[in-house]
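Trainee: Under full-length UniProt numbering, the first residue of the sequence shown carries the number 1, and numbering increases by one thereafter.
Glycine residues also receive a C-beta, built at the ideal position from the N, C-alpha and C atoms.
Dumping the structure here so I can ask a few things about it.
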Amino acid sequence: MAYCASAPGENFCKNHMEGFRFNGVTVLNDFISEEEETTLIKKIDESPWLPSQSGRNKQDFGVKVNFKKQRIAFKYFTGLPDYSRFLVQRLHQRMRVDGAKFEDFYPVELCNLEYLPERGAAITPHVDDTWLWGERIVLLNLSSATSMTFTLPASGPGVSEEWERYKVFAASQVPSPQVNLPPSIAVPLPRRSLLIMAGKARFTWLHAINREDILERRLSLTMRELSDEYLPPYPEIRDFAVCPKEKRTLWDGESFATSLTPNQQLGLRLIRTAATFSGVCIAVTSGEAALPKR
């Protein structure tokens with residue numbers, strides 16, 4: 001199956017048969033212009049790249065996290081880079097067209113990944129962490145087109161409901177020998193498109209980038225927000241919103257800081273630091289051995 005960018009969300013495309021409703025994926029085509037892409041790639045390449053897993057290279061702007069032990073090392077995080085501010089602004093502008101509702105997005109991590117076909121770069125099927133990272137994952141695709149492949153695992157939160165939905169669809173739309181095979185949905189990501197992943201697509205389905213879908217150099221910029229456990233009350237963080245959904249009111253002198261949990265206090269520190277938009281990547285602040293400049 002393939003996602004149709006002409007009919008995002010709950011909509012259907014009149015040019016295709018009635019398809020499986022794949023909830024939680026939004027693709028914004030032409031999110032930036034060709035000129036903006038050229039400038040952005042130049043700025044990205046000014047920072048050092050570190051080798052990563054599965055043939056990828058990476059640049060991290062965020063805290064170092066041990067997800068297994070649920071520990072956070074803050075000392076290398078200096079904020080998001082200056083070039084990311086306009087991306088956050090445009091995200092809100094595009095998602096709030098005609099008064100559409102879109103909650104303030106407070107990114108506290110930016111991870112840039114470089115995929116090179118000669119290295120067999122890919123990313124295996126996975127679900128992003130849910131302990132620290134929140135509902136929405138935002139990804140900007142640069143330099144070349146690709147596809148993100150979503151698959152349904154055998155078990156996990158919400159899996160049984162998705163399997164039942166798929167079986168109802170497959171009974172009338174999929175050839176009988178394939179009905180019981182795990183469903184796979186390819187979401188095309190054109191060059192300069194932005195993907196927002198939330199809901200079932202974020203928490204239930206696995207997502208991956210396959211080697212065969214990397215034909216040229218590809219860059220992905222992934223921004224993540226905090227989980228509810230780490231997110232402070234809105235009045236505490238509104239001043240750090242790039243495009244706040246609400247204006248200040250007279251009662252705003254009240255502070256919630258004394259009642260914040262330790263995790264919310266850490267979340268507030270993360271949001272404050274990220275919102276400076278003056279950070280450098282961890283490879284610089286930690287002194288890790290970077291790849292040679294090309």
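What are the uninterrupted segments assigned as beta strand (DSSP E) that are 3 or more residues long and contained completely in the stretch 15 to 70, given in chain order?
Mentor: Runs of the beta strand (DSSP E) inside the stretch 15 to 70: 25 to 28, 57 to 61 and 64 to 66.
Trainee: Could you compute how far the alpha carbon of D30 sits from the alpha carbon of S259?
Mentor: Distance between the alpha carbons of D30 and S259 is about 43 angstroms.
Trainee: Between P177 and Y166, how many whole angstroms is the CB-CB distance? I'm expecting something under 8 angstroms.
Mentor: Their Cβ separation, rounded to whole angstroms, is 16 angstroms, which puts P177 and Y166 out of contact at 8 angstroms.
Trainee: Would you verify that the beta carbon of G158 is, or is not, closer than 8 angstroms to some beta carbon of chain B?
Mentor: Absent here is chain B; the protein component of the structure consists of one chain.
Trainee: What does a CB cutoff of less than 6 angstroms around A241 pick up in its chain, not counting 5 residues either side in sequence?
Mentor: If we look at A241 and ignore the five residues flanking it on each side, its Cβ neighbours are D104.
Trainee: DSSP state of N263, grouped into three classes?
Mentor: Correct three-state label for N263: helix.
Trainee: For the beta strand (DSSP E) containing V127, list its first residue and its last residue.
Mentor: Note, V127: premise wrong, no beta strand (DSSP E); not H, not E.
Trainee: First and last residue of the beta strand (DSSP E) that includes Y234?
Mentor: Counting along the chain, Y234 falls outside any beta strand (DSSP E), though it belongs to the alpha helix (DSSP H) covering Y234 to I237.
Trainee: Give me the residue from E46, L206 and R90 with the minimum Cα distance to L291.
Mentor: When each option's Cα is compared against that of L291, the closest is E46.
Trainee: With DSSP collapsed to three states, give me the class of P153.
Mentor: Reduced to three states, the DSSP call for P153 is coil.
Trainee: Below 8 angstroms, how does it come out for the stretch 185 to 198 and the stretch 18 to 29: are there three or more Cβ pairs, yes or no?
Mentor: With a cut-off of 8 angstroms, the stretch 18 to 29 and the stretch 185 to 198 count as touching, because enough Cβ pairs lie within range.
Trainee: Leaving out five residues before and five after A275 in sequence, what residues of the same chain have Cβ atoms less than 6 angstroms from its Cβ?
Mentor: Correct list, in chain order: F240.
Trainee: Is it the case that the Cβ atoms of P157 and L110 are separated by a distance below 8 angstroms?
Mentor: No, they are not a contact pair.
Trainee: Which residue from S84, L189 and L206 puts its Cα closest to that of A145?
Mentor: Among S84, L189 and L206, the Cα nearest to that of A145 belongs to L189.
Trainee: Just the C-alpha distance for S220 and T78, rounded to the nearest angstrom, thanks.
Mentor: Taking the straight line joining both Cα atoms gives about 21 angstroms.
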